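Asker: The structure that follows is given in the form of structure tokens.
Number of protein chains: 4
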Amino acid sequence: MGRIFKITTFGESHGKALGVVIDGLPSGLIISEDDIFFELKYRRPGGIYTSTRKEEDYPIILSGIFNGKTTGMPISIIIENKDPKSIHYEEIKYKPRPGHADITYIEKYGYENWDYRGGGRSSGRETVSRVAAGAIAKKLLLLTDTIVAGYIKKAGTFNVDNTPEFNEILCSRDSPVRTIRNKEGELMKLIETLRKEGDSIGGIVEVVVKNPPKSLGEPVFDKLKADLAKSILSIPGVVGFEYGIGFDSYKFKGSEVMDEIYYDEKFRLRKNISGGILGGISTGEDIILRVAFKPTSSIAKEQKTIDLRDLKPTNLSIIGRHDPCIAIRGVSVVESMVAITLIDHYMLSGIIPRKLSKEQADIIEKRWSEYKQKCI
Amino acid sequence: MGRIFKITTFGESHGKALGVVIDGLPSGLIISEDDIFFELKYRRPGGIYTSTRKEEDYPIILSGIFNGKTTGMPISIIIENKDPKSIHYEEIKYKPRPGHADITYIEKYGYENWDYRGGGRSSGRETVSRVAAGAIAKKLLLLTDTIVAGYIKKAGTFNVDNTPEFNEILCSRDSPVRTIRNKEGELMKLIETLRKEGDSIGGIVEVVVKNPPKSLGEPVFDKLKADLAKSILSIPGVVGFEYGIGFDSYKFKGSEVMDEIYYDEKFRLRKNISGGILGGISTGEDIILRVAFKPTSSIAKEQKTIDLRDLKPTNLSIIGRHDPCIAIRGVSVVESMVAITLIDHYMLSGIIPRKLSKEQADIIEKRWSEYKQKCI
Amino acid sequence: MGRIFKITTFGESHGKALGVVIDGLPSGLIISEDDIFFELKYRRPGGIYTSTRKEEDYPIILSGIFNGKTTGMPISIIIENKDPKSIHYEEIKYKPRPGHADITYIEKYGYENWDYRGGGRSSGRETVSRVAAGAIAKKLLLLTDTIVAGYIKKAGTFNVDNTPEFNEILCSRDSPVRTIRNKEGELMKLIETLRKEGDSIGGIVEVVVKNPPKSLGEPVFDKLKADLAKSILSIPGVVGFEYGIGFDSYKFKGSEVMDEIYYDEKFRLRKNISGGILGGISTGEDIILRVAFKPTSSIAKEQKTIDLRDLKPTNLSIIGRHDPCIAIRGVSVVESMVAITLIDHYMLSGIIPRKLSKEQADIIEKRWSEYKQKCI
Amino acid sequence: MGRIFKITTFGESHGKALGVVIDGLPSGLIISEDDIFFELKYRRPGGIYTSTRKEEDYPIILSGIFNGKTTGMPISIIIENKDPKSIHYEEIKYKPRPGHADITYIEKYGYENWDYRGGGRSSGRETVSRVAAGAIAKKLLLLTDTIVAGYIKKAGTFNVDNTPEFNEILCSRDSPVRTIRNKEGELMKLIETLRKEGDSIGGIVEVVVKNPPKSLGEPVFDKLKADLAKSILSIPGVVGFEYGIGFDSYKFKGSEVMDEIYYDEKFRLRKNISGGILGGISTGEDIILRVAFKPTSSIAKEQKTIDLRDLKPTNLSIIGRHDPCIAIRGVSVVESMVAITLIDHYMLSGIIPRKLSKEQADIIEKRWSEYKQKCI
């Protein structure tokens, strides 16, 4: 994925390790394993509000860094699997889980080649690779003082009206349910109820890119909105993407969503109705997008499926450790995919050079330190 | 765009011609200019319900066909511009149109290099290239008896509940407002009113892929849903993509959207809640997706912008010939992008060979003939 | 082909037109059809030393240029076929030509889909698209004052020792046999003899890139040498590529080809033994490479093949209009592929911006004018 | 690198580990770490004829294999660095080595970001990743009974006339100098002399692909010869590629290299002068290609360079452990890149399916066992 900033991921839920190779980074960027871990923590399972699987997820950098800085060569990062409980999956070996990739993998790759343990490659655990790469992308975005942050906007009856202040969105990273702090109680209660019921819920994540550069995106097929859509729809569990007015568009007349162009040292848009993108190219206004996650398919409630040994109907209730609302962990993943997509376009546009100067690296380091301390 | 079935487009609204180069087609497929024109007709402006610009849009094939069949070499198709009225655009030369790509193109490529005539490359007219390529993709899909068809589901107060029968959807192609025939009167009335008011409206297009092959899509980044999202978001005016339950996902509990797996000669899903795609790979059930188009930005009502000569505020009302609801013409374009994406995955999966046998070509020809005669 | 500067070609020897779509150009570059024609003349058949097929080959630009300058949108160029003599090819319809792509195309795409007229897509005429794109690449290279020029170094007993002065190489473009002027008589005589005999000869082309930027090339797979090799080996008739010491390497000890590094305002190499590339990345010294072309396979002398109607042996002597030494016309084509490859790496490296300033465009225009007048 | 069968490599000479991610493999292929190690042994340093660095190079598979078979998901392989002696490289920290990537890396990525230890990423050690991927490609090629094997054809005065029997070429893998066994003594003597002198020599590797499938290769830019050229020129130290008659082409008239087409159950060529490729597409005859390696640049003899601290001239003699003739270890690497390129085209052509049947996997396993036991 990507043209200049390219990522390749590998690894299964219950294999030795997951990982990512990141190619095309400029040289001179200061990167440590702690930097990556900082972001990984925000998607890490733990706590009653997400899965109870315990993985420290501390990343190991195998290449591409010398004396603490990027050399311009590919960075390879692995995250070891330390707490897989494959025993939970012996039942599903014969019972494909509704709503999961089990039947499509079995069809495409063959039952005999199917890694059924935890969903194998189709597990949500695959996203740890994305967040590791996203951490580096997010740090590099600070060169233009650009920050990507998201939160849970909707889940069941829970709803955050309008788009909150950016700081509120950013600080949702410390919320156990990844929503704005002054509304988190409501969502926590919903999640607790669902966990007790052995049920799950879908959710909408909203992401805001603060202070993005203008002129990102190519005119026709590689529009910024198209590349964002692809990278986000590649996330497990995502069933929709929109930006700006999105799926409410049918409710509006053109005259209602007219957005005045004015000039204030640069071209500006009065209401940013287009969500930061016009003609597929960033306007410089905040990019605002929303992502729909389906309800977690793994639920404790009884589901109907077949037994692969006789192709007869059977029942299944899934015992593993799962999130009642995958959208919660999805926030970090969407942020990461947005950051990765932006960096690729940055580099295509020549905004970020192939070699950072010491001054650029220091600016990033200073902003990174501030970014980490926000919300405390 | 694409990995094996690759398309490259070119051309501006008011240039000499628009066109597309299609590479990676199997040899042996029967293709004529009439085949392409058959589909182009369905996006052609004309009639009071879309733009009144008159373009015959008859395509000229320059290469890749010999004795009426594909040779396996790139097919180049051009469509000449015969009715551009650039005079309409002298005003916007200095007044970037709100909601259009004008300001992003000016910023990215320079004001002095900006082809302001009809939006240049960012014009909706660019989509003629997509529909020309889509015609060939749609024809080739008939090898597996797969048909892609869409219709207007929502626009303002207009709403088609549930997903209609596939035949109703297909026959919307003959409706002047591209919706199901027994509801078209309502939409026509809405469009007429908007035209009189000099206003426009957004809309939702729903597309159904009937009888798609299973096993299309790669596991992680090149998921079928991701590639569909990218190709669809690359269409001008599209602000959202969803499939299956989509943005309604937050309303549902996992237990409410459980979808029984059963076996009836092949794996089947009882309710097809996942919209034909699980784990990013097609299940073989119908693929169901929806696309949000924003209201046409070009409206006769007065809009606020700046005059580029002095950067001062000014007013603009757009006189050109425009569609009150671009979603209407968007139906063909979305269908085309879906078909193009599917063919690329077909070929990646080895389902469609690089060389069609005479028998395969004849089956396609027969089905194409039936397809064209449907709805008459 | 390409990552930022991308070209797509189409067209057959005896179809309506050949063409190329060039995507990823910066905006603001002044380009006219005459600019492209200037380079096309140098590969144009005509005269007794190359094929006697007469094609004016005047290019038509369909898109991407507005007010004489690039807009940043794809440029589409077509060259019409005006003098095809398909009648010559009725015999080979059943007799695949030895040394040509006939049998591989028949096998891969099917006999019934094979465009046998003039070799169809596999004709050397396909290279007109490459030279059209190469003209634009060459012009853009002038931004860094970089010039690509080649000449015939070897053909049969003809041999140019050492690498001549760059000006001598550049001015070979006016030689009817594309070699240095003070040796052209020898090669003209050889070609005349071969034409009379109905025979052909192989040849070695040497290309020098004067004043290339340093730092072009990626470290591992997309090394500059690797991309040059691919683009050059994609030319019909090319059977070898080397740079620097190339295939003479086995004759040398390391101590004999040591090349002192010194500093004279920048890193320099005393002898440029590595041909301008070290570790796959350009050093800034002249890039020197050589390309082997096989003897033209189409000769008037009798050749042994089979008759496809009965698969029995038969004889064939080819009457069409062909070059006794395809390397001669190959010089322009190799230069073009080198220029195209360099521009892609320029843009990847951010050396050439996505938008040229007026000053940059004017510098290029001035240098282009000088470049055209050289050698007169 | 690659379109369906894609490889991504990472790692430096003196970092924690090198590795490769291989994506696009069919499911169902039996692969073990021993299979990969079998091929890695043939490039492994050790013995006086190559570098004396000791690395066991036993590979660790992190993903993509379940129950001993490929799942269709990316395979990640790492090879740890156990015997780096970075101490040797403290001198070159300030003295860029002539003939190496040192100066181009310093220029492109910045001196302060340069991993000078053992050449970092530009080290020949990088090729261990290629051979690991090549092992899998070679095994998969056995599905069509295709074998890739090479040997040292020329190095200084050493020369193997003509192309030997395929079995002789294959069994060169057990020669300490990777040439045919009945001539290895001569080359061993040459290498010993060079080692004593602290000098090195260039070399020519010839590779034969026995029994390749026909119809591999695309018509224009992605010709098989072009993709082979790119993948081979991406190898460190390679300065030339040719196939068929290659750089001897200028010596031949067309009439001398005419190659009769005949029919014997399939199209055949009498002399295979075109080296297995016509029009860029494989003919089904053996593919024969040659690769030029430059003399190892790291020699014990004194070389002239600059001291980066004062940019003044200085001398350098390189003490590390290096191969007198890198072409020797290059044989395995070239074989690997050829195998990798072929597999990508196999999969593009649909010859190798995305899912192997048990029968196909068993045939491969049987042939692999035979392949390993050859030459013993």
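Chains A, B, C and D, in that order, are what the protein sequence lines are.
Under the numbering used here, the first residue of the first sequence is numbered 12, with each subsequent residue one higher.
Under the numbering used here, the first residue of the second sequence is numbered 12, with each subsequent residue one higher.
Under the numbering used here, the first residue of the third sequence is numbered 12, with each subsequent residue one higher.
Under the numbering used here, the first residue of the fourth sequence is numbered 12, with each subsequent residue one higher.
Cβ coordinates follow ideal geometry from the N, Cα and C atoms, glycine included.
All figures in this text were calculated on a predicted structure; none of them were measured in a lab.
In chain C, what lies closer than 7 Å to D:VAL342 by C-beta?
Answerer: Result: empty, since nearest Cβ-Cβ is about 14 Å, beyond 7 Å.
Asker: Apart from the five residues on each side of it in sequence, which residues of its chain come closer than 6 Å, Cβ to Cβ, to B:GLY295?
Answerer: These residues qualify, in order along the chain: LYS225.
Asker: DSSP beta-bridge partners for A:ASN170?
Answerer: A:ASN170 is bridged to A:LYS165.
Asker: Assuming C:VAL31 and C:ALA143 make a contact with CB atoms under 8 Å, what is their CB distance in whole Å?
Answerer: Yes, they are in contact, since the Cβ atoms of C:VAL31 and C:ALA143 sit about 5 Å apart, within 8 Å.
Asker: Step through the CB atoms of chain D and report whether any lies within less than 8 Å of the CB of A:ILE114.
Answerer: Chain D contact via Cβ: absent.
Asker: Do B:ALA372 and B:GLY39 have their C-beta atoms within less than 8 Å of each other?
Answerer: Yes; because the gap between Cβ atoms is below 8 Å, this pair is in contact.
Asker: Who are the neighbours of C:ASP270 on chain D, taking C-beta pairs under 8 Å?
Answerer: Correct list: PRO109, GLY110.
Asker: Helix or strand or just coil, what does DSSP make of A:PHE49?
Answerer: Three-state result, A:PHE49: helix.
Asker: With DSSP as the reference, label D:GLY121 as helix, strand or coil.
Answerer: Looking at D:GLY121 - three-state DSSP - the assignment turns out to be coil, as it is neither helix nor strand.
Asker: For D:ASP318 versus A:THR19, is the C-beta spacing smaller than 8 Å?
Answerer: The answer is no: Cβ separation not under 8 Å.
Asker: Assuming the contact rule is C-beta atoms closer than 8 Å, C:PHE21 and B:PRO85 should be a hit. Round their C-beta distance to whole Å, please.
Answerer: At roughly 4 Å, the Cβ-Cβ gap stays under 8 Å, so C:PHE21 and B:PRO85 are in contact.
Asker: Hey, out of B:GLY248, B:THR307, B:LEU227, whose CA is closest to B:ASP238's CA?
Answerer: For B:ASP238, the nearest C-alpha among the options comes from B:LEU227.
Asker: Taking the runs of the alpha helix (DSSP H) that are 4 residues or longer, which of them lie wholly in the region 190-266 of chain D?
Answerer: DSSP runs (the alpha helix (DSSP H)) wholly in the region 190-266 of chain D: 195-208, 235-244.
Asker: Contact criterion: CB-CB distance below 8 Å. Does A:THR190 meet it with respect to chain B?
Answerer: No, A:THR190 does not count as interfacial toward chain B.
Asker: Find out if the Cβ-Cβ distance for the pair C:GLU292, C:LEU152 is shorter than 8 Å.
Answerer: Here residue 292 of chain C turns out to be Ile, not Glu, going by the sequence shown. Against a cut-off of 8 Å, the Cβ pair of C:LEU152 and C:ILE292 comes out as no contact.
Asker: When you compare only the Cα positions, how much space is there between C:SER285 and D:GLY13?
Answerer: Cα to Cα, C:SER285 sits roughly 27 Å from D:GLY13.
Asker: Mind checking whether D:PRO306 and D:LYS315 have CB atoms under 8 Å apart?
Answerer: Against a cut-off of 8 Å, the Cβ pair of D:LYS315 and D:PRO306 comes out as no contact.
Asker: Among C:MET348, C:TYR53, C:PHE252, C:ILE41, which residue has its Cα nearest to the Cα of C:PRO187?
Answerer: Comparing Cα positions, the closest option is C:TYR53.
Asker: By the 10 Å Cβ neighbour count, where 16 or more other Cβ atoms means buried, how is B:ASP172 classified, buried or exposed?
Answerer: Classification for B:ASP172: exposed.
Asker: List, in order along the chain, the chain A residues whose C-beta lies closer than 9 Å to that of D:TRP325?
Answerer: Going by the sequence as given, residue 325 of chain D is Thr instead of Trp. Per Cβ cutoff of 9 Å: no residues; D:THR325 is ~24 Å from chain A at best.
Asker: With distances taken between CB atoms, is the gap from B:TYR261 to A:GLY214 smaller than 8 Å?
Answerer: Cβ distance < 8 Å, so B:TYR261 and A:GLY214 count as in contact.
Asker: Report yes or no: is there a C-beta of chain C within less than 8 Å of the C-beta of D:THR10?
Answerer: Absent from the model: residue 10 of chain D. The displayed extent of chain D is 12 to 387, so no value can be given.
Asker: Classify D:LYS164 as buried or exposed, calling it buried when 16 or more other Cβ atoms lie within 10 Å of its own Cβ.
Answerer: Classification of D:LYS164: buried, given that the 10 Å Cβ count is 16 or more.
Asker: Under 7 Å Cβ-Cβ, which residues of chain A neighbour B:MET12?
Answerer: Neighbours of B:MET12 on chain A, chain order: PHE232.
Asker: Check whether chain A comes within 8 Å of D:PHE16, counting only Cβ atoms and requiring the distance to be less than that.
Answerer: Closer than 8 Å: no.
Asker: Can you give me the Cβ contacts of C:ALA303 inside the same chain, cut-off strictly under 6 Å, excluding the 5 residues immediately before and after it?
Answerer: Taken in chain order, the residues that qualify are ILE215, VAL250, GLY251.
Asker: CB-CB under 8 Å to C:ARG192, same chain, minus the five flanking residues each way: which ones, in chain order?
Answerer: Contacts found: GLU179, CYS182, SER183, ASP185, SER186.
Asker: For D:LYS104 and D:SER134, what's the separation of their Cα atoms in angstroms?
Answerer: Going from the Cα of D:LYS104 to the Cα of D:SER134 covers about 15 Å.
Asker: Give a yes or no on whether the minimum CB-CB distance between B:LEU154 and chain D is below 8 Å.
Answerer: It does not; no Cβ of chain D falls within 8 Å.
Asker: Using the three-state DSSP reduction, which class does D:ALA311 fall into: helix, strand or coil?
Answerer: In this structure, D:ALA311 counts as coil in the three-state DSSP scheme.
Asker: Tell me which residues of the region 31-53 of chain B have at least one Cβ-Cβ distance to chain D shorter than 7 Å, keeping chain order.
Answerer: Residues: none.
Asker: Do A:GLY290 and A:ILE299 have their CB atoms nearer than 8 Å?
Answerer: Not closer than 8 Å, so no.
Asker: Count the other CB atoms within 10 Å of the CB of A:ILE387; is the residue buried (16 or more) or exposed (fewer)?
Answerer: Classification of A:ILE387: exposed, given that the 10 Å Cβ count is below 16.
Asker: Taking the C-alpha atoms as reference points, what is the distance between C:ILE363 and C:THR155?
Answerer: Roughly 9 Å between the two C-alpha positions.
Asker: What does B:ILE10 reach in chain A if we use C-beta pairs closer than 8 Å?
Answerer: One cannot answer for residue 10 of chain B here, as it falls past the ends of chain B, which runs 12 to 387.
Asker: Keeping to the same chain, check which residues put their C-beta closer than 7 Å to that of D:PHE49; ignore five residues upstream and five downstream.
Answerer: Closer than 7 Å at Cβ, skipping near neighbours: ALA146, LYS383.
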